[in-house]
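To start, the structure itself, in structure tokens.
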Amino acid sequence: MRYFNLSDDMRILDQWTLDNPMEGNGQELWHGLMTDGLPISVQQPARIGVYAPGRALEFSTTALSIPIIHGRLKAIFEQLGLDGQMQLFPITVEGQADPHYVMNLLRVVRCIDDARCEEVAYRTVEDGYEDRIGEYCNVVGMRIDPSKVGDAEIFRPWGWQIVIIVSERVKRAMERSGITGARFTEV
Numbered sequence: 002m003r004y005f006n007l008s009d010d011m012r013i014l015d016q017w018t019l020d021n022p023m024e025g026n027g028q029e030l031w032h033g034l035m036t037d038g039l040p041i042s043v044q045q046p047a048r049i050g051v052y053a054p055g056r057a058l059e060f061s062t063t064a065l066s067i068p069i070i071h072g073r074l075k076a077i078f079e080q081l082g083l084d085g086q087m088q089l090f091p092i093t094v095e096g097q098a099d100p101h102y103v104m105n106l107l108r109v110v111r112c113i114d115d116a117r118c119e120e121v122a123y124r125t126v127e128d129g130y131e132d133r134i135g136e137y138c139n140v141v142g143m144r145i146d147p148s149k150v151g152d153a154e155i156f157r158p159w160g161w162q163i164v165i166i167v168s169e170r171v172k173r174a175m176e177r178s179g180i181t182g183a184r185f186t187e188v
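In my numbering, the protein residues as written are 2 to 188.
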């Protein structure tokens, strides 16, 4: 099985840039909650502004690595049976009538293959994050060990949870459907 880093396609020059999502109570949705692989609750109705106008995309991430997806992508994930690997919360995107969702991934997998990566660096006591010692502070040219992934098809890699990894099956389904905004890099 092959796996891919799912990220924003920055080659789309006229794309929008989304602000940070806000919960119904007016509080910013904290990204740290969205990268731990744990279920969360979001006060509805959630909303998000457009920081820089441009072409609306079906897959986007905020500056804080929070994925915002279009209803078409939600339907693809449901067809693939990925419901149990993520939480999706409706979110109103400024100026958009189509349905969008905040995506919270529920799987974090310890699978980065340090020896095959171009470069890795780890958090130390000197970094000031005592609860995160041993996690990555940098990963360049990331590679994963597919034998450690199990049945996960969309997840974040442990220790470098700003990244979203998808299986080849998910990648192909997104490409077949012409989902805009997604870029895939094999890991």
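Glycine included, each C-beta is placed from N, C-alpha and C at the ideal position.
Between residue i and the rest of its own chain, which residues show a CB-CB distance below 6 Å, the 5 nearest in sequence each way excluded?
{"i": "T181", "result": "L58 and E59"}
{"i": "N139", "result": "A122"}
{"i": "Q45", "result": "G25"}
{"i": "V43", "result": "E24 and F90"}
Look at residue i and residue j and say whether their C-beta atoms are less than 8 Å apart.
{"i": "R124", "j": "G142", "result": "no"}
{"i": "N21", "j": "V164", "result": "no"}
{"i": "Y130", "j": "W161", "result": "no"}
{"i": "L19", "j": "I49", "result": "yes"}
{"i": "P158", "j": "I92", "result": "no"}
{"i": "G55", "j": "D15", "result": "yes"}
{"i": "S178", "j": "I41", "result": "no"}
{"i": "A153", "j": "V126", "result": "no"}
{"i": "V184", "j": "D10", "result": "According to the sequence shown, residue 184 is Arg rather than Val. Yes, Cβ-Cβ distance for R184 and D10 is below 8 Å."}
Residue range of the alpha helix (DSSP H) that residue i falls in?
{"i": "R177", "result": "E169 to R177"}
{"i": "Q76", "result": "This sequence places Ala at residue 76; Gln is not what is there. Taken as a continuous stretch (DSSP letters only), the alpha helix (DSSP H) holding A76 covers G72 to Q80."}
With distances taken from CA atoms, which of the options is nearest residue i?
{"i": "D37", "options": "N105, D114 and D146", "result": "N105"}
{"i": "V94", "options": "M11, T63, I77 and L14", "result": "T63"}
{"i": "R3", "options": "R184, V110 and K172", "result": "K172"}
{"i": "S1", "options": "R177, I155 and S178", "result": "Coverage of the chain is limited to positions 2 through 188, which leaves residue 1 absent and any answer about it impossible."}
{"i": "C80", "options": "T186, R12, L34 and M175", "result": "The sequence as given places Gln at residue 80; Cys does not occur at that position. Taking only the C-alpha atoms, the option nearest Q80 is M175."}
{"i": "L74", "options": "Y102, W17, T186 and S148", "result": "Y102"}
{"i": "I67", "options": "D128, G33, V150 and V188", "result": "G33"}
{"i": "D146", "options": "V51, D10, E187 and G96", "result": "E187"}
{"i": "W17", "options": "R144, I69 and E169", "result": "I69"}
{"i": "I13", "options": "S61, Q97 and G96", "result": "S61"}
Kindly list the residues whose CB is nearer than 8 Å to the CB of residue i, restricted to its own chain and excluding five residues on each side of it in sequence; keep chain order.
{"i": "L39", "result": "L107"}
{"i": "E29", "result": "N21, P22 and M23"}
{"i": "A47", "result": "P22, M23, E24, G25, L30, F90, P91, I92, T93 and V103"}
{"i": "R133", "result": "R124"}
{"i": "Q97", "result": "A57"}
Starting from residue i and walking both ways along the beta strand (DSSP E), at which residues does that stretch end?
{"i": "E187", "result": "A183 to E187"}
{"i": "C138", "result": "Y137 to V141"}
{"i": "L106", "result": "H101 to L106"}
{"i": "L89", "result": "M87 to V94"}
{"i": "A53", "result": "V51 to A53"}
{"i": "V150", "result": "Per DSSP, V150 belongs to no beta strand (DSSP E) and is neither H nor E."}
{"i": "S42", "result": "Careful: S42 lies outside any beta strand (DSSP E) and carries neither H nor E."}
Apart from the five residues on each side of it in sequence, which residues of its chain come closer than 7 Å, Cβ to Cβ, to residue i?
{"i": "Y52", "result": "T18, L19 and D20"}
{"i": "H71", "result": "E59, D99 and H101"}
*Does the pairing of the segment 115-129 with the segment 81-94 give three or more beta-carbon distances under 8 Å?*
no
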